[in-house]
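Just so you know, numbering that gives the first Met the number 0 puts 66 at position 67 of the sequence shown, and the rest follows in order with no gaps. What follows is a short report on a single structure.
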Amino acid sequence: MFSQKGNLKSHLLFHTGDKPFKCEICSKCFRHKNHLNQHNMLHPGDKQYKCDICDKMFSQKGNLKCHLLIHTGDKPFKCEICSKCFRQKNSLKLHMVIHTGEKQYKCDICEQMFSLKGNLKTHLKIHTGDKPFKCELCNKCFRDKYSLKLHIVIHNGDEQYKCDICEQMFTYKSHLKSHMVKHTGDKQYKCYICERMFTYNSHLKSHMLIHTGDKPFKCEICSKCFRQKSNLKVHMVIHTGDKQYKCDICEQMFSRKDNLKTHLTSHTGDKPFKCEICNTAFRHMDSFKSHTRIHT
């Protein structure tokens with residue numbers, strides 16, 4: 000039921016599919032006049048709101064208001080769990096998924112769940128094969144804009160961000176920031192359930208699966224499920240029998256790199272696992288762990 004005839008009239012458009020308000024520039028149609036008015040601001044020449052600091056123009060006052068926070072440094076939206084602050088409410092909303100672990104977007108093809116609609120959209124391209132982002136230099140195509148952006152670096156070779164500690168160069172500021180954690184040891188990502196701290200957001204996300212019990216990576220052969228894609232990859236060796244790692248000394252083959260590494264100690268004589276109490280050294284971690292029980 001509707002209190003006003005105009006509201007009923009607008010509602011009926013959902014059923015009929017009519018979009019009577021048409022943009023004269025791009026011919027896109029809308030159900031409501033106010034939606035058309037908002038859309039019209041997107042076209043060049045309709046940017047009436049100017050930033051007094053950098054002269055950038057905006058079509059909507061709200062966009063200018065958000066932009067100004069870049070200059071002022073204000074981050075008014077604070078996460079109540081980890082105290083991280085954000086410039087926009089939407090950014091805080093996206094961030095909260097890290098803590099809640101909520102996954103409400105489902106792929107209708109493989110039933111994999113996603114916490115963000117954008118991630119589902121990107122994932123669907125795996126099934127459709129769509130790669131809409133094309134490199135103008137070599138014609139290579141990519142599923143998402145970010146992958147194309149990373150690829151472009153191959154052509155221009157720009158590395159403008161330098162680590163002041165080890166002098167390693169990086170193309171992106173975000174990569175330098177991630178790298179710096181190796182030197183500082185900072186752990187800024189906190190699990191709100193057990194309060195364990197992590198250096199990287201990706202490590203926290205993997206850790207959260209322990210609490211939620213989610214095992215999103217499924218073996219198509221035996222249906223066993225895993226928390227991480229890397230664990231599934233290791234597991235698949237059982238079915239395929241692939242042995243791609245070769246010992247250069249005795250030519251013995253191994254399915255896993257760490258198994259080859261352990262095997263090499265039999266040739267070198269290295270015993271990297273040393274007991275801090277009695278100084279006995281061992282080739283294998285399992286042997287070392289068994290030994291430590293003697294002292295406990």
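C-beta: ideal position from N, C-alpha, C; glycine also. Nothing here was measured: the structure is a model prediction, and the numbers come from that model.
### Task
Please state whether DSSP places C65 in a helix, a strand or coil.
Helix, per DSSP.
### Query
According to the neighbour-count rule (16 or more other Cβ atoms, all chains shown, within 10 Å of its Cβ), is M196 buried or exposed?
By the neighbour-count criterion, in which 16 or more other beta carbons inside 10 Å mark a residue as buried, M196 falls on the exposed side.
#### Entry: I80 versus H122: straight-line alpha-carbon distance, rounded
I80 and H122 have their C-alpha atoms spaced approximately 29 Å apart.
### Task
Under 6 Å Cβ to Cβ from T198, same chain only, skipping five residues before and after it: list those, please.
Taken in chain order, the residues that qualify are V180, K186.
### Query
Which residue or residues does DSSP assign as beta-bridge partners of Y160?
F169, per the DSSP bridge assignment.
### Query
How about C260 and M252: are their beta carbons less than 8 Å apart?
Note on residue identity: the sequence assigns Lys, not Cys, to residue 260. No, the Cβ-Cβ distance between K260 and M252 is not below 8 Å.
### Alpha-carbon to alpha-carbon, H266 and F272
Taking the Cα positions, F272 is about 16 Å away from H266.
### Message
Buried or exposed for I192, going by 16 or more other Cβ atoms inside 10 Å?
### Response
It is exposed - the Cβ of I192 has fewer than 16 other Cβ atoms within 10 Å.
### Query
Which first and last residues belong to the alpha helix (DSSP H) in which L119 is found?
Here the alpha helix (DSSP H) through L119 covers 116–127.
### Per-residue DSSP class, three states only, for Y191
Reduced to three states, the DSSP call for Y191 is coil.
### Message
Rounded to whole angstroms, what is the Cα-Cα separation between G100 and N118?
### Response
Cα to Cα, the separation comes out at about 14 Å.
#### Entry: Distance between S222 and L63 (C-alpha atoms, nearest Å)
When only Cα atoms are considered, L63 and S222 end up about 51 Å apart.
### Message
Quick check on this structure: which residue in F76, F29, H283 has the alpha carbon closest to the alpha carbon of M95?
### Response
Measuring from the Cα of M95, the nearest candidate turns out to be F76.
### Query
Would you report the Cα separation of I52 and D73, rounded to the nearest angstrom?
One C-alpha to the other measures close to 15 Å.
### Message
Using a Cβ-Cβ cutoff of less than 6 Å, which residues in the same chain neighbour F85 once the five nearest sequence positions on both sides are dropped?
### Response
So the list reads K74, F76, L91, once near-sequence residues are dropped.
### Query
So, are the CB atoms of H66 and K55 less than 8 Å apart?
Their beta carbons are under 8 Å apart, which means H66 touches K55 by this criterion.
### Query
Near L35, what residues of its chain come up, given a Cβ to Cβ distance below 6 Å and the 5 sequence neighbours on each side ignored?
Excluding sequence neighbours, L35 sits near F20, F29.
### Task
Have a look at F113 and F141 and give me their C-alpha separation to the nearest angstrom.
Taking the straight line from one Cα to the other gives about 20 Å.
### Task
Counting only the same chain and skipping the five closest in sequence on each side, list residues whose C-beta sits under 8 Å from that of T279.
Closer than 8 Å at Cβ, skipping near neighbours: K273, H290.
### Query
Rounded to a whole number of angstroms, what is the C-alpha to C-alpha distance between D316 and V233?
Nothing can be reported for residue 316, as the shown portion of the chain is limited to 0 through 295.
### Message
For E250 and M284, what's the separation of their Cα atoms in angstroms?
### Response
Cα to Cα, the separation comes out at about 24 Å.
### Straight-line Cα distance separating Y160 from K139
K139 and Y160: Cα-Cα distance of roughly 26 Å.
### Task
Using three-state DSSP, classify Y104 as helix, strand or coil.
Note: Y104 maps to strand in three-state DSSP.
### Message
Quick check: what's the CA-CA separation for K124 versus S26?
### Response
Cα to Cα, K124 sits roughly 28 Å from S26.
### Query
When the distance is taken between beta carbons, is D241 closer than 8 Å to R226?
Cβ distance not < 8 Å, so R226 and D241 don't count as in contact.
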